[in-house]
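Novice:
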Amino acid sequence: MKKSINLLEGPILPSLSGLALPIMATSLIQMAYNLTDMIWIGRVGSSAVAAVGAAGMYMWLANGLATLAKMGGQVKVAQALGAKENKQAVSYAKSALQLGITLGLIYGILSVVLANPLIDFFKLNSAKVVADAKIYLQITCGGVVFSFLNQIFTGIMTAMGNSRTSFVATAVGLVINIVMDPVLIFGIGPFAEMGVMGAGVATVFAQMIVTAVFILAALKDEIIFQKVRLLEKVDRESMMTIVKIGFPTGVQSMIFTSISMIIARMIAGFGDSAVAVQKVGSQIESISWMTAEGFGAAVNAFMAQNHGAKNKKRIVQGYKVAMRIEIVWGILCTFILIVFPEVIFKIFIPEADVLPMGVDYLKILGVSQLFMCIELTTAGA
């Protein structure tokens, strides 16, 4: 935790960029988890991609719940640190972790028990796709508590001005996922061929390792984490404050995902290949929106600390600097998706009958990237 960045003093661009770049890189790595799955699963076939795509919607939905605890915790910890109220920061960090663990366990249990009706919602056409989707859902969502913890650790550390630890932890997880995916999917060496199940196991195992790295880093922190006692009685006031702040962002995320799930159900009527196109297309687009969202998280920590320190002028200046950067990123993403859609989509699904749909999908997505980046940065602020 010695690598925290001072967000309250000094030039804004270097401090904001120093915090944002590792977060953006972390977001790209998190996106790479899914892209790695898609690349290897795509080699199995579009039907396997459709299975992962349908089940993956529920992991996306889970992120909304995780955001509730992460965003509320990040904002309040940053504000408390900015106001030099370290004891209060510890209370908010503890409450965020307790909330995340509780929500993650409940969501995981419900996903395992209700896997059949959850996947049946999409009305997929192939029995094989349905079976694979249910298995993938039970594995990934069953272990979703690790993903929740990783996101909350990231939020708290970002609030402290430390984004490098999250980058290192997530990078370790990515390396493990990259190695384990082909080994478990195709059965390399002593491992049996597991197909879609292997992709799920690799992802959850990687998330567990990331959690372990976060815990090791947290044990060395004397400001907040060494003082957190998760088994202590819940501080209802801190918990409710976190929920109040994180609720709008979390609900917004879940509503957006729910709409995407309804659209996916409609798309399933055009065949499992169409479901695969939507899944791959959204994962490719995530390069844009997860990076913008990561930058928004840095802006959020910057704003929250300066709000706690009552530096209103610095808040306005920080927002202007952030917006200039995000406009450039949005324009770049629009250009790439509109000009190079075929080259990009072929990396994931090379099947000739699926490619035209993928190209059209990416071109349409490309039009919205600038506006999306502006929205995510503003939401973070």
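Just so you know, the sequence shown maps onto residues 1 to 381 in the working numbering. Glycine included, every Cβ here is placed at the ideal spot set by N, Cα and C.
#1: Is the CB-CB distance between serine 111 and leucine 137 below 8 Å?
#2: Buried or exposed: where does alanine 192 fall if 16 or more other Cβ atoms within 10 Å of its Cβ makes it buried?
#3: Mind reading off the beta-carbon distance from valine 213 to valine 280? Whole number of angstroms is fine, and I expect it under 8 Å.
#4: Going by DSSP in three states, leucine 16 sits in which element: helix, strand or coil?
#5: What's the call for aspartate 353, buried or exposed, on a 16-neighbour Cβ count within 10 Å?
#6: In angstroms with no decimal places, state the Cα-to-Cα distance between phenylalanine 348 and valine 90.
#7: Within 8 Å, do at least three Cβ pairs link the segment 60-76 to the segment 29-43?
#8: Can you confirm whether the segment 90-99 touches the segment 148-157 when touching is taken to mean that 3 or more C-beta pairs between the two stretches lie within less than 8 Å?
#9: Does DSSP classify proline 248 as helix, strand or coil?
#10: For leucine 273, which option in Trp60, Asn125, Ile109 has the closest C-alpha, if you only look at C-alpha atoms?
#11: Quick one: is leucine 103 near chain B, going by C-beta distance under 8 Å?
#12: Does the segment 57-72 come into contact with the segment 352-366, if we say contact requires no fewer than three beta-carbon pairs (one atom in each stretch) closer than 8 Å?
#13: Could you check what DSSP says for arginine 229 in three-state terms: helix, strand or coil?
#14: Touch check for the segment 21-31 and the segment 339-347: three-plus C-beta pairs under 8 Å?
#15: Is threonine 334 near glutamine 369, with beta carbons less than 8 Å apart?
#16: So the alpha helix (DSSP H) threonine 111 belongs to, where does it begin and stop?
#17: Does the segment 6-24 touch the segment 279-296, meaning 3 or more C-beta pairs lie closer than 8 Å?
#18: To the nearest angstrom, how far is the alpha carbon of glycine 10 from that of arginine 314?
#19: So what's lysine 2 in DSSP terms, helix, strand or just coil?
#20: Going by DSSP in three states, alanine 309 sits in which element: helix, strand or coil?
#21: How many Å lie between glutamate 237 and glutamine 79 at the Cα?
#22: Would you report the Cα separation of glutamine 88 and alanine 169, rounded to the nearest angstrom?
#23: Report the option in Arg265, Gly246, Ala322 whose CA atom is closest to the CA atom of leucine 65.
#24: Closer than 7 Å by C-beta to glutamate 285: which residues in its own chain qualify, once you throw out the five before and the five after it? Chain order, please.
#25: What residues in its chain sit with their C-beta under 8 Å from that of alanine 83, if we drop five residues either side in the sequence?
#26: When the Cα atoms are used, what is the spatial distance from isoleucine 267 to alanine 20?
#27: Keeping to the same chain, check which residues put their C-beta closer than 8 Å to that of methionine 357; ignore five residues upstream and five downstream.
#28: Among residues of its own chain, excluding the 5 on either side of glycine 208, which ones have a beta-carbon nearer than 8 Å to its beta-carbon?
#29: From asparagine 86 to asparagine 150, what does the alpha carbon distance come to, in whole angstroms?
#30: Quick check: what's the CA-CA separation for glycine 195 versus alanine 202?
#31: Kindly indicate the opening and closing residues of the alpha helix (DSSP H) around asparagine 177.
#32: How would you call glycine 269, buried or exposed, if buried means at least 16 neighbouring beta carbons within 10 angstroms?
Specialist: Concretely, from the data shown:
#1: yes
#2: Flag for alanine 192 reads exposed.
#3: Actually they are not in contact, since the Cβ atoms of valine 213 and valine 280 sit about 29 Å apart, beyond 8 Å.
#4: In this structure, leucine 16 counts as helix in the three-state DSSP scheme.
#5: Label assigned to aspartate 353: exposed.
#6: Using only the alpha carbons, I get a separation of about 44 Å.
#7: With fewer than three CB-CB distances shorter than 8 Å, the segment 29-43 does not count as touching the segment 60-76.
#8: yes
#9: helix
#10: For the sequence presented, residue 273 should be read as serine rather than leucine. Answer by Cα proximity: Asn125.
#11: Of the protein chains in the structure, only one exists, and it is not chain B.
#12: no
#13: coil
#14: no
#15: yes
#16: Note on identity: in this sequence residue 111 is serine, with threonine being the wrong assignment. That run of the alpha helix (DSSP H) goes 86-113.
#17: yes
#18: Straight through space, the alpha carbons of arginine 314 and glycine 10 are spaced by roughly 10 Å.
#19: Unreliable placement is indicated for lysine 2, whose pLDDT of 46 sits below 50; no coordinate value is reported for it.
#20: coil
#21: 16 Å
#22: One C-alpha to the other measures close to 26 Å.
#23: Each of Arg265, Gly246, Ala322 was checked against the Cα of leucine 65, and the nearest Cα belongs to Gly246.
#24: Leu365
#25: The answer, listed in chain order, is Gly308, Ala309.
#26: 36 Å
#27: Ser273, Ala274, Val277
#28: According to the sequence shown, residue 208 is methionine rather than glycine. Excluding residues within five positions, the ones whose Cβ falls inside 8 Å are Gly143, Phe146.
#29: 22 Å
#30: 11 Å
#31: Secondary structure note for asparagine 177: its alpha helix (DSSP H) is the uninterrupted segment 164-186.
#32: exposed
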